[in-house]
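Novice: Counting in the numbering used here, the sequence shown runs from 3 upward without gaps.
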Amino acid sequence: MEKTSNQNVCALCDDPIALKGDSGEHIIPNSIGGRRKVWGFVCRDCNSRAGDSWDVEIWRQFSHIALMHGVDRDRGEVPAVLVKTVSGKQLMLLPDGSLMPQKITFEKVPHAQGKGFLINATVRNTQEAGQMVRNLAAKHPEINVEEMLSNLKSSSEFLDSPITFGAGFSDPLGGRSMVKTAIAMAAHAGVKPSACDLALPYLLNKDCQASYGLFYARDLVSKRPTGYTPHIVSVRGDPISGYLWGYVEYFGMARIVVPLSDSYDGTSLSSTYAFNPANGKEVDIDVDLSFSDDEIERIKANEAYTDEQYAAVVYSSFGIVYFRSVRRQFRKTFAESVAYAASKLGIPAGEAVPPTQAKEFAGYLTENLQPLIVHMMASGIPIAEAMRIDEDD
Ligand SMILES: [Zn+2]
């Protein structure tokens, strides 16, 4: 990656970047998996002030989808996100796409026969269970810790409905982040941010009207991957028409066209950065940023879509994301079931199962897998899809 000259001024505050330091700006926010950086674009102060508050909004809006899809960041763990099921249960959606109770619960119920009491508890893992049982034993010496722990029953929670999300990316903060991404891509392709005269005022002035249009009238992307939903940013400059266009797409669902300039006089250019959010691997796709006069009018009026077109795109993209989470959940549960069966038979991790215990092993394995398989069948999820190995996962 080539660093641009020290002469560059910050796109947001006009100060020479060399004065405040150039930390490099992720073209697409790293929170949702962006890796590539642009240098000489914004100063360190603006990057962490304005830039971060806009990018935080992007994470807030896409975090559920990101965790279901899987995202890989440069640095920092992907945080868990609170979700609510249809039945009103609050659960944590984890970076591996699985769910966990939000809180530890503990309930002491008097025994029906009037002697002693029953404990109903929900913990999130065996460490928490062990801690809880040892705490109890400290108060009640009659408790047999080993026996209690060996009788633990683990259960899995599954989402009982697709989680909800809105078309919130049109929100001012999220919208500014996406427009910033389009301008950053133009800068990466060698265009001065100040030449993005139709879009830059939207970043500089909080009262400025949104400078982009949602676009679902047709698919601008060819060679679209099917096993994941890519993040895409693309720019195209055409000195003959004078148009400099930007396009930003996240998780297949959020798709905007950004008119960056209508007085572009640089060289003819076309540049795209697209990748799989789950592993950062770049993909070669084509984005068609040439629009008819009618489309240009509709983009500017934010009318380049119908509700039906929007719904169809979200439905198909969500399907891809959802089946990714199904495949990950199946793989995780299968690995857990192998560990469960091995521990039941006292077979150390990584050791072969003796043939004499194979049938018993398979029994425990199936016992542990059963809730997930039943859930999948009840939800109409094809088991073959869950077991499919996708090289893009
Ligand atoms: Zn600045």
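All residues carry an ideal CB built from backbone N, CA and C; glycine is no exception.
(1) Just reading off the alpha helix (DSSP H) that residue 363 is part of, what are its end residues?
(2) From the DSSP secondary-structure annotation, give me the bridge partner or partners of residue 277.
(3) Rounded to whole angstroms, what is the Cα-Cα separation between residue 286 and residue 28?
(4) According to DSSP, what are the bridge partners of residue 246?
(5) CA-CA distance, residue 340 and residue 383?
(6) Using 6 Å as the cut-off, classify the Cβ of residue 198 as near or not near the heavy atoms of ligand 1, replying yes or no.
(7) For a test of your reading of the model: does the CB of residue 205 fall under 6 Å from any non-hydrogen atom of ligand 1? Yes or no.
(8) Rounding to the nearest angstrom, what Cα-Cα distance links residue 30 and residue 273 in this structure?
(9) I think residue 64 touches residue 252, with their Cβ atoms under 8 Å apart; what is that distance to the nearest whole Å?
(10) Could you give the first and the last residue of the continuous alpha helix (DSSP H) run that contains residue 336?
(11) Do residue 343 and residue 367 have their C-beta atoms within less than 7 Å of each other?
(12) Which of the three DSSP states is assigned to residue 191 in this structure?
(13) Given a cut-off of 7 Å, decide if residue 326 and residue 71 are closer than it, judged by their beta-carbon atoms.
(14) Leaving out five residues on either side along the sequence, give the residues of the same chain with a beta carbon under 6 Å from the beta carbon of residue 247.
(15) Roughly how many angstroms separate the alpha carbons of residue 22 and residue 262, rounded to a whole number?
(16) Going by beta carbon distance, what residues of the same chain come within less than 8 Å of residue 376, once the five residues before and after it are set aside?
(17) Run through DSSP, which three-state label would residue 147 get?
(18) Taking a contact to mean a Cβ-Cβ separation below 7 Å, would you say residue 83 touches residue 95 in this structure?
Specialist: Answer, in terms of the structure:
(1) 360-380
(2) 233, 284
(3) 19 Å
(4) 239, 263
(5) 22 Å
(6) no
(7) no
(8) 14 Å
(9) 6 Å
(10) 309-346
(11) yes
(12) coil
(13) yes
(14) 238, 291
(15) 26 Å
(16) none
(17) helix
(18) yes
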